[in-house]
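One structure is given here, and the rest of the page talks about it.
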Amino acid sequence: SSPGTGTSLPVVKGLEQRVTAALQNERAVILVDGRSGSGKSTLARELAERHPELQLVRLDDFYPGWDGLERGSRHVVDYVLDPVRPRWQAWDWVANAPGAWHELDPTRPVLIEGVGAITAASRARADLAVWVETDDDTRRRRALERDGATYEPHWERWAAQERALLAREHPRDGADFVVDERSQSDM
Numbered sequence: 009s010s011p012g013t014g015t016s017l018p019v020v021k022g023l024e025q026r027v028t029a030a031l032q033n034e035r036a037v038i039l040v041d042g043r044s045g046s047g048k049s050t051l052a053r054e055l056a057e058r059h060p061e062l063q064l065v066r067l068d069d070f071y072p073g074w075d076g077l078e079r080g081s082r083h084v085v086d087y088v089l090d091p092v093r094p095r096w097q098a099w100d101w102v103a104n105a106p107g108a109w110h111e112l113d114p115t116r117p118v119l120i121e122g123v124g125a126i127t128a129a130s131r132a133r134a135d136l137a138v139w140v141e142t143d144d145d146t147r148r149r150r151a152l153e154r155d156g157a158t159y160e161p162h163w164e165r166w167a168a169q170e171r172a173l174l175a176r177e178h179p180r181d182g183a184d185f186v187v188d189e190r191s192q193s194d195m
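Each residue of the sequence shown is one higher than the one before, counting from 9 in the numbering used here.
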């Protein structure tokens, strides 16, 4: 990605080696978490492009509405990480209702990306957990540039859910690797 729009793998020293090591397990689970607008989606997309064996699962596809961070995070453990029948159920934002189920291949590795991906329960089943840290002003600017008028009225409502989850789960502390964009010279 271009400077200022998200994380770029070349500047994340050491992460590629961690991902490659995790993928030695053919059913590896990689978690990428961070607050809204931190750059985690960009990072996850780049990882999935570099490692096409990864199945990319985005929590944004199944949070059940603007008050659904907690339920979306639990969905990871209850369904996406099911060892026999991994799957996830989309959220239809237009109908404000559950959507179609999507099956995952239980024999392939999975990369799960989104706010709430790293919890104590999901971390126990993961081979690698990555936290993406970005300053608050940059996060907000990115999120509103990405989602604009759709997200703006919900920013604080979502941020309050993030703060509650962070206080309870401490995902950064559970991460094996922290991408701190605040210290990247070219960001």
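Beta carbons: idealized from backbone N, C-alpha and C, even for Gly.
From a predicted model like this one, the values you see are computed outputs, not experimental measurements.
Report the residue from the options whose alpha carbon sits nearest the alpha carbon of residue i.
i, options, result
"residue 132", "45, 146, 177, 144", "177"
"residue 85", "148, 188, 124", "124"
"residue 198", "190, 170, 154, 35", "What is shown of the chain runs 9 to 195, which leaves residue 198 out entirely."
"residue 44", "67, 127, 134, 128", "67"
"residue 52", "120, 114, 162, 77", "120"
"residue 175", "134, 128, 57", "128"
"residue 78", "156, 122, 48", "122"
"residue 61", "69, 37, 76", "37"
"residue 167", "76, 134, 92, 135", "76"
How long is the line joining the alpha carbons of residue i and residue j, rounded to whole angstroms?
i, j, result
"residue 151", "residue 160", "9 Å"
"residue 74", "residue 180", "23 Å"
"residue 33", "residue 173", "29 Å"
"residue 184", "residue 39", "10 Å"
"residue 59", "residue 187", "19 Å"
"residue 140", "residue 42", "5 Å"
"residue 190", "residue 149", "15 Å"
"residue 137", "residue 105", "30 Å"
"residue 109", "residue 142", "32 Å"
"residue 30", "residue 98", "27 Å"
Less than 8 Å between C-beta atoms, sequence neighbours within five positions excluded: which residues of the same chain meet that for residue i?
i, result
"residue 112", "63, 65, 88, 94, 95, 96, 118"
"residue 147", "43, 44, 45, 46"
"residue 115", "34, 35"
Given a threshold of 16 other Cβ atoms within 10 Å of its Cβ, counted over all protein chains shown, does residue i qualify as buried or as exposed?
i, result
"residue 145", "exposed"
"residue 28", "exposed"
"residue 50", "buried"
"residue 102", "exposed"
Skipping 5 residues on each side, what residues in its chain have a beta carbon closer than 7 Å to that of residue i?
i, result
"residue 130", "39, 84, 85, 89"
"residue 20", "187"
Run through DSSP, which three-state label would residue i get?
i, result
"residue 189", "helix"
"residue 110", "strand"
"residue 63", "strand"
"residue 68", "helix"
"residue 43", "coil"
Leaving aside the five residues before and after residue i along the sequence, list all residues of the same chain whose C-beta is less than 6 Å from its C-beta, in chain order.
i, result
"residue 100", "107"
"residue 162", "74"
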